[in-house]
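Report on the following structure.
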Amino acid sequence: MSESNNSFTSNQVSDDTVRVASANQSINPNNSADRDDAILSIRSLCKSYYDASILQDINLDINSGDFLVLVGPSGCGKSTLLSCIGGLTDVTSGEIFCKGKNITQLDPAKRDIAMVFQSYALFPNMTVSQNIGFGLEVRKVPAAEREQKIQQVAEILHLQPLLDRTPAQLSGGQRQRVAMGRALVRDPTLFLFDEPLSNLDAKLRLTMRTEIKHLHQRLGGTMVYVTHDQVEAMTLASKIVVLNQGVIQQFGTPEDVYKRPANTFVAEFMGSPAMNLIQAKVLMEGGDVKIQIQREDGPAIIFTEAAATDALRAFANCTVIVGLRPESISDLPARDPQRSHSVKCRIDYLEGIGSDVYATLKLAGTDVVSRLHGDSTVRAGDTQQLHFDLSNISYFDPSSQLRI
Numbered sequence: 000m001s002e003s004n005n006s007f008t009s010n011q012v013s014d015d016t017v018r019v020a021s022a023n024q025s026i027n028p029n030n031s032a033d034r035d036d037a038i039l040s041i042r043s044l045c046k047s048y049y050d051a052s053i054l055q056d057i058n059l060d061i062n063s064g065d066f067l068v069l070v071g072p073s074g075c076g077k078s079t080l081l082s083c084i085g086g087l088t089d090v091t092s093g094e095i096f097c098k099g100k101n102i103t104q105l106d107p108a109k110r111d112i113a114m115v116f117q118s119y120a121l122f123p124n125m126t127v128s129q130n131i132g133f134g135l136e137v138r139k140v141p142a143a144e145r146e147q148k149i150q151q152v153a154e155i156l157h158l159q160p161l162l163d164r165t166p167a168q169l170s171g172g173q174r175q176r177v178a179m180g181r182a183l184v185r186d187p188t189l190f191l192f193d194e195p196l197s198n199l200d201a202k203l204r205l206t207m208r209t210e211i212k213h214l215h216q217r218l219g220g221t222m223v224y225v226t227h228d229q230v231e232a233m234t235l236a237s238k239i240v241v242l243n244q245g246v247i248q249q250f251g252t253p254e255d256v257y258k259r260p261a262n263t264f265v266a267e268f269m270g271s272p273a274m275n276l277i278q279a280k281v282l283m284e285g286g287d288v289k290i291q292i293q294r295e296d297g298p299a300i301i302f303t304e305a306a307a308t309d310a311l312r313a314f315a316n317c318t319v320i321v322g323l324r325p326e327s328i329s330d331l332p333a334r335d336p337q338r339s340h341s342v343k344c345r346i347d348y349l350e351g352i353g354s355d356v357y358a359t360l361k362l363a364g365t366d367v368v369s370r371l372h373g374d375s376t377v378r379a380g381d382t383q384q385l386h387f388d389l390s391n392i393s394y395f396d397p398s399s400q401l402r403i
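Residue numbers (numbering that gives the first Met the number 0): 0 to 403.
Here's what the structure looks like:
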């Protein structure tokens with residue numbers, strides 16, 4: 000949370016006026032029906048090291064075919080959670096179920112879970128074929144069956160020409176595909192990926208990201224994927240868990256997390272540039288709810304909130320935080336004129352990225368980023384007519400930082 004957001008004035012509004020999309024609140028730990036229907040269920044999981052709490056009361060259900068991405072800043076507990084699922088880290092309290100079976104105390108080898116790590120962890124003296132098939136050999140799978148599975152995985156991952164090479168003869172992306180092949184060949188119930196692309200350069204990461212997405216679509220496997228890169232999370236996931244300080248902030252689809260963040264942390268973390276969080280006041284005129292945003296370079300911005308909820312009305316004459324994505328403040332007219340507002344604003348500085356131009360202006364004492372068309376000729380210091388698309392506007396309680 001930026002300093003400007005921390006300085007918002009608290010409102011004396013009852014907690015029951017705030018609606019929060021909380022994953023922990025949406026799951027009943029005592030509901031065995033939810034657990035039995037899920038491939039993976041986590042109930043009231045906590046992990047501590049001495050007095051340091053790493054994970055707090057984690058509750059999740061992961062269904063067959065889900066691609067669940069755990070995302071959050073460094074130190075938020077996402078890799079620890081993955082390690083607990085895989086059995087590499089003991090839990091302090093709580094339970095983990097796989098296909099209805101309690102695996103909390105099972106050894107990693109007995110969990111029917113395959114894991115792909117950030118480091119490739121390949122045997123340097125073995126060929127690609129031997130690396131992929133090593134787990135099968137340990138399990139004493141017959142040679143003919145082992146060879147068949149290796150060939151199938153090699154075809155899926157386009158590794159056939161490389162089967163006789165050693166890891167030293169491979170590129171970083173090829174090594175990562177071999178590590179994935181070693182997991183795939185086992186045909187496990189669940190795949191775990193711990194930041195598998197973080198060691199790759201930007202272009203190769205994009206290529207591998209596409210390959211992983213295609214792999215999931217082709218196999219339909221259930222995957223849990225850890226990353227700190229919110230772009231990876233948005234492009235890969237069917238469901239996203241946003242973690243911060245060991246607590247689930249939100250659990251939902253990429254669209255829900257992006258368009259309807261549960262709190263200001265999710266709003267700022269998901270999206271690049273982040274969602275703009277602007278201090279505003281809720282006014283009542285007759286039966287209409289109006290939102291007022293002060294600014295230094297002109298009269299206040301005032302617009303009518305036609306879709307005002309009872310929760311927002313409860314903040315009458317109080318301060319709220321308005322959340323708008325940069326693409327919702329543009330030099331292009333909004334698609335729905337009924338849910339838009341236009342005003343001239345002074346542009347402080349610009350950042351061109353080719354396809355778009357990000358323009359920064361000041362509203363309510365806060366730097367606000369808008370996304371302009373890439374052919375925009377506006378210059379720093381100019382006044383530009385900007386259109387505010389209100390169809391995906393968010394409101395947050397300045398005191399609790401939760402979505403209204």
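C-beta atoms are modelled at their ideal positions from N, C-alpha and C, and glycine is treated no differently.
Requested in this report: Could you have a look at Gln400 and say whether DSSP puts it in helix, strand or coil?
Outcome: Here DSSP, grouped into helix, strand and coil, assigns Gln400 to coil.
Query raised in the report: Taking the C-alpha atoms as reference points, what is the distance between Pro166 and Pro123?
Result: Cα to Cα, the separation comes out at about 6 angstroms.
Query - Given 8 angstroms, three or more beta-carbon pairs between the stretch 327-342 and the stretch 381-399 - result: Contact check between the stretch 327-342 and the stretch 381-399: three or more CB pairs, one atom from each, fall below 8 angstroms, which counts as touching.
**Report entry** Inter-residue Cα distance where the pair is Asp309 and Tyr394
**Finding:** One C-alpha to the other measures close to 12 angstroms.
**Report entry** Anticipated Cβ contact below 8 angstroms, Thr126 with Leu162, distance rounded
**Finding:** Sure, about 7 angstroms apart at Cβ, within 8 angstroms.
Query raised in the report: Which of the three DSSP states, helix, strand or coil, is assigned to Phe133?
Result: Phe133 falls in the helix class under three-state DSSP.
Query raised in the report: When the Cβ atoms of the stretch 201-219 are set against those of the stretch 238-253, are three or more pairs found closer than 8 angstroms?
Result: Taking 8 angstroms as the limit for Cβ pairs, the verdict is that the stretch 238-253 does not touch the stretch 201-219.
Report task. Whole angstroms is fine: what's the gap from Val92's alpha carbon to Asn101's? Result -> One point to set straight first is that residue 92 is Ser, not Val, in the sequence displayed. Those two C-alpha atoms are separated by around 13 angstroms.
Query - Helix, strand or coil at Thr365 [DSSP, three-state] - result: Three-state result, Thr365: strand.
Query raised in the report: Does DSSP put Val90 in a helix, in a strand, or in coil?
Result: The answer is coil: DSSP assigns Val90 none of H, G, I, E or B.
Requested in this report: State the Cα-Cα distance for the pair Arg176 and Leu156, rounded to the nearest angstrom.
Outcome: CA-CA distance, Arg176 to Leu156, rounds to 6 angstroms.
Query raised in the report: Leaving out the 5 sequence neighbours to the left and right, which residues in its chain are closer than 7 angstroms to Leu80 when beta-carbon positions are compared?
Result: Excluding residues up to 5 positions away in sequence, Leu54, Ile57 and Leu69 lie with their Cβ nearer than 7 angstroms to the Cβ of Leu80 in the same chain.
Query - Whole-angstrom C-beta distance between His227 and Val52, which should lie under 8 angstroms - result: According to the sequence as given, residue 52 is Ser; it is not Val. Taking the Cβ atoms as the reference, Ser52 lies roughly 20 angstroms from His227, outside the contact range of under 8 angstroms.
Query raised in the report: Ile53 lies in the beta strand (DSSP E); which residues open and close that run?
Result: That run of the beta strand (DSSP E) goes Ala51 to Ile61.
Query raised in the report: First and last residue of the alpha helix (DSSP H) that includes Phe314?
Result: It is not in any alpha helix (DSSP H) - Phe314 carries neither H nor E in the DSSP assignment.
Requested in this report: Consult DSSP for Lys98 and reduce its assignment to one of helix, strand or coil.
Outcome: Coil.
Query raised in the report: Using the C-alpha atoms, what's the distance from Val368 back to Tyr348?
Result: Their backbone Cα atoms lie some 10 angstroms apart in a straight line.
Report task. Starting from the Cα of Ser43, find the closest Cα among Asp65, Val240, Glu94 and Leu401 and give me that residue. Result -> Comparing Cα-Cα distances from Ser43 to each of Asp65, Val240, Glu94 and Leu401, the minimum goes to Glu94.
**Report entry** Exposure of Lys77, with buried meaning 16 or more beta-carbon neighbours within 10 Å
**Finding:** Buried is the call here.
Query - Beta-carbon gap between Asp381 and Lys238 smaller than 9 angstroms - result: Remark: C-beta atoms of Asp381 and Lys238 do not approach each other more closely than 9 angstroms.
Requested in this report: Measure the C-alpha to C-alpha separation of Cys75 and Asp193 and round it to an integer number of angstroms.
Outcome: The alpha-carbon atoms of Cys75 and Asp193 are separated by roughly 14 angstroms.
Query raised in the report: Touch check for the stretch 103-122 and the stretch 256-268: three-plus C-beta pairs under 8 angstroms?
Result: The stretch 103-122 makes no contact with the stretch 256-268: fewer than 3 CB pairs, one atom from each, lie closer than 8 angstroms.
Report task. Return the CA-CA distance between Lys289 and Ile320, expressed in angstroms with no decimal places. Result -> Roughly 14 angstroms between the two C-alpha positions.
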